[in-house]
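Read left to right, the sequence shown gives residues 17 to 74 (the numbering used here). Working notes, beginning with the structure itself.
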Amino acid sequence: LARIFQKILEDFGLTQKILAFNGDNATSNDTQTTKLDQLPNSFTKENCARCLNHMLQL
């Protein structure tokens, strides 16, 4: 999924314009953010934010 997302970013010229990733606490999001951090873009693992509403519901 990270490679597909990276390709979409490249297609639209957005690889250096990622500010943050907002997602729920699913393990798959952790895996994706780790993989995105390794690809050539402006995304870093530290820029991953958890959805506050999901955290409040837990």
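Note that beta-carbon positions come from the ideal geometry of N, C-alpha and C, so glycine has one too.
Buried or exposed by the 16-neighbour rule on C-beta atoms within 10 Å, applied to residue 59: So residue 59 ends up on the buried side.
Cβ neighbours of residue 66 in the same chain (closer than 8 Å, five flanking residues each side left out): 38, 39, 40, 41
8 Å CB neighbourhood of residue 72 in its chain, flanking five on each side removed: Within the same chain, no Cβ atom closer than 8 Å to the Cβ of residue 72 is found once the five residues on either side in sequence are excluded.
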